[in-house]
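Engineer:
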Amino acid sequence: MKLKQSYYLTILLICILSAPVLASEGREGNSRGKGSSILGPVTNSAYLKECGACHFAFQPQLLPRRSWEKIMGTLDNHFGDSATLDEATRTGILDYLVNNSAEKSSSRLSGKLLASIGKSDAPLRITDTGYFKRKHDEVRAAVFKRKSIGTASNCVACHLTAEKGDFDEHKVKIPKI
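In structure tokens form, the structure reads like this:
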């Protein structure tokens, strides 16, 4: 009987001592769980290399599938520039974007972005979504034009943890110049 009580007390003690560690997993170490607002970093090397060479490689969870398909289908005129890729690279990047698009994400952020977009709309810019506009409505247009920022789509200029997929407003530092 004492052996059985010792066993249960040991299990209880392990549970009590490990609870703080397990609870912190969802906040720091593995913060991309269901309902998290953190998207995580971009993990596709071709996307990082090809797209990230010219601009911030946006997390695929920031736009719906239909937007990524439209963007990747018009690379010959990508916001005024040619960003054409060989077909294998283009298809590989598109697959990554589609398989990780906002609809596939359990992130609260992706859900809010999707909710701000019409069911059939396919915005080409994250800055065109209602969610982005609401979250940045207090930022004057002149701020985005500062030399250190350049454009509203330069997330990393103000969101210090954007590359990690963390756009928490408490981790924002707007450059003065």
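Sequential numbering of the sequence shown, starting at 1, is according to our numbering.
Glycine included, every Cβ here is placed at the ideal spot set by N, Cα and C.
Identify the continuous alpha helix (DSSP H) that holds Lys133 and give its terminal residues.
Structural biologist: Position 133 of the sequence shown, counted from the first residue, corresponds to residue 133. Lys133 -> alpha helix (DSSP H) spans Gly130 to Lys135.
Engineer: Under 6 angstroms Cβ to Cβ from Ser116, same chain only, skipping five residues before and after it: list those, please.
Structural biologist: Here residue 116 refers to the residue found at position 116 when the sequence shown is read from its first residue. Closer than 6 angstroms at Cβ, skipping near neighbours: Thr129, Gly130 and Tyr131.
Engineer: Assign Gly214 to buried or exposed, taking buried as 16 or more other Cβ atoms, counted over all protein chains shown, within 10 Å of its Cβ.
Structural biologist: This structure gives no information on residue 214, because the portion of the chain shown stretches from 1 to 177.
Engineer: With 16 other CB atoms within 10 Å as the buried threshold, where does Cys15 fall?
Structural biologist: Numbered from 1 along the sequence shown, position 15 holds the residue referred to as residue 15. Caution applies to Cys15, whose pLDDT of 48 falls short of 50 and renders its modelled position unreliable; the value that the coordinates give is listed next. Cys15 is exposed by the Cβ-count criterion.
Engineer: Looking only at its own chain, which residues have a Cβ that is under 6 angstroms from the Cβ of Thr84, when we skip the five neighbours before and after it?
Structural biologist: Within the sequence shown, residue 84 is the residue found at index 84, counting from 1. Around Thr84: Leu75 and Asp76.
Engineer: Assuming Lys171 and Leu160 form a contact by the criterion Cβ under 8 angstroms, report the distance between their Cβ atoms to the nearest whole angstrom.
Structural biologist: Indexing the sequence shown from 1 puts residue 171 at position 171. Indexing the sequence shown from 1 puts residue 160 at position 160. Their Cβ separation, rounded to whole angstroms, is 5 angstroms, which keeps Lys171 and Leu160 in contact under 8 angstroms.
Engineer: Would you call the CB atoms of Gln61 and Leu109 closer than 9 angstroms?
Structural biologist: On the sequence shown, residue 61 is found 61 positions in, with the first residue counted as 1. On the sequence shown, residue 109 is found 109 positions in, with the first residue counted as 1. Yes.
Engineer: Within 10 angstroms of the Cβ of Gly73, are there 16 or more other Cβ atoms? Answer buried if so, exposed if not.
Structural biologist: Within the sequence shown, numbered from 1, the residue matching residue 73 stands at position 73. Result: exposed.
Engineer: Between Lys147 and the rest of its own chain, which residues show a CB-CB distance below 7 angstroms, the 5 nearest in sequence each way excluded?
Structural biologist: Residue numbering aside, residue 147 sits at position 147 when the sequence shown is read from its first letter. Only Ile177 meet the Cβ criterion.
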